[in-house]
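First the structure, in the form of structure tokens, and then the observations on it.
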Amino acid sequence: MPISRTSGSSVAQRSWARGQRVRSRRPDGGSIGDGTSPSSGDRRPGRPDARAHQRRRDARHGAPHGHGARVGPGPAVLRPLYDESEFAVRNVWRLYGGWYDGDPARLEPPTDRSLAAEVAGLAGAASALADRGKQVAETGDLRLACQPVERAAPSDGAVQELRSGIYRERHQGERSLMAKGVFSSAAAQPVPADR
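Under this note's numbering, the first residue of the sequence shown is numbered -5, with each subsequent residue one higher.
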């Protein structure tokens, strides 16, 4: 039998199909990993199968990529060491839902630099964006705080110092190696002026 090279998506499709065949052979119709025990059919607390079905329904009805991507804390054995569960959810969503997230403004987006200039103009000045980022960081919402400081003046030393501080704080609060590396790198390197 000749060996053929296949793309990752066809491998994933075959894997999915294999899982569907296994599921159809189970007397209770469930599949391994859907929240049921392979032998008993008892539901585990939290009903992950119901959440999975809801996400699939949302995807079929055009929910955007980020919809439902936040993953709450799970058992200690599943805590993120290398990568965040949220990243995996987003990647699966993109794999099966495509790259378009449903927002027509992001179909052909402007450059980061032109968007930053427009947002700074709306705020009155780039320093106003940096100040707002600092205020948001003080409330503890570091995810949101990163957005205005990324769009503030990259050539301003005070803005760069504020940006580095926010990313250092994010680095300290992260659990996964991937997120720690990204935020540590962002804290150490200034925003490129040409971005």
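We put the beta carbon where it would ideally sit given N, CA and C, even for glycine.
Just so you know, these numbers come straight off a predicted model, no measurement behind them.
Asked, Found
"Alpha helix (DSSP H) segments (min. 4 residues) lying fully within the segment 80 to 137", "106 to 117, 120 to 133"
"Buried or exposed (CB count within 10 angstroms, at least 16 for buried), residue 100", "exposed"
"Local Cβ density within 10 Å of residue 132, reported as buried at 16 or more and exposed below that", "exposed"
"Buried or exposed (CB count within 10 angstroms, at least 16 for buried), residue 161", "buried"
"Residue 74, buried or exposed, once every other Cβ within 10 Å from all chains shown has been counted against 16", "buried"
"Residue 142 vs residue 184 beta-carbon contact at 8 Å", "no"
"Spatial distance of residue 179 from residue 165 (CA atoms)", "9 Å"
"Straight-line Cα distance separating residue 136 from residue 115", "23 Å"
"Coil, strand or helix - residue 174 by DSSP", "helix"
"Anticipated Cβ contact below 8 Å, residue 90 with residue 172, distance rounded", "About 22 Å; that fails the 8 Å criterion."
"Assigned exposure category for residue 144 - 16 Cβ within 10 Å defines buried", "buried"
"Closer than 7 Å: residue 83 CB and nearest the ligand FAD heavy atom", "Ligands are entirely absent from the displayed structure, and the ligand FAD is therefore not among its contents."
"Start and end residues, alpha helix (DSSP H) containing residue 161", "151 to 167"
"Buried or exposed (CB count within 10 angstroms, at least 16 for buried), residue 169", "exposed"
"Of the residues 158, 71, 167, the one placed nearest residue 182, counting alpha carbons only", "158"
"Cβ-based burial, residue 87 [other Cβ within 10 Å; buried from 16]", "buried"
"Simplified DSSP assignment, three categories, for residue 185", "coil"
"Cβ neighbour criterion (16 or more within 10 Å) applied to residue 124", "buried"
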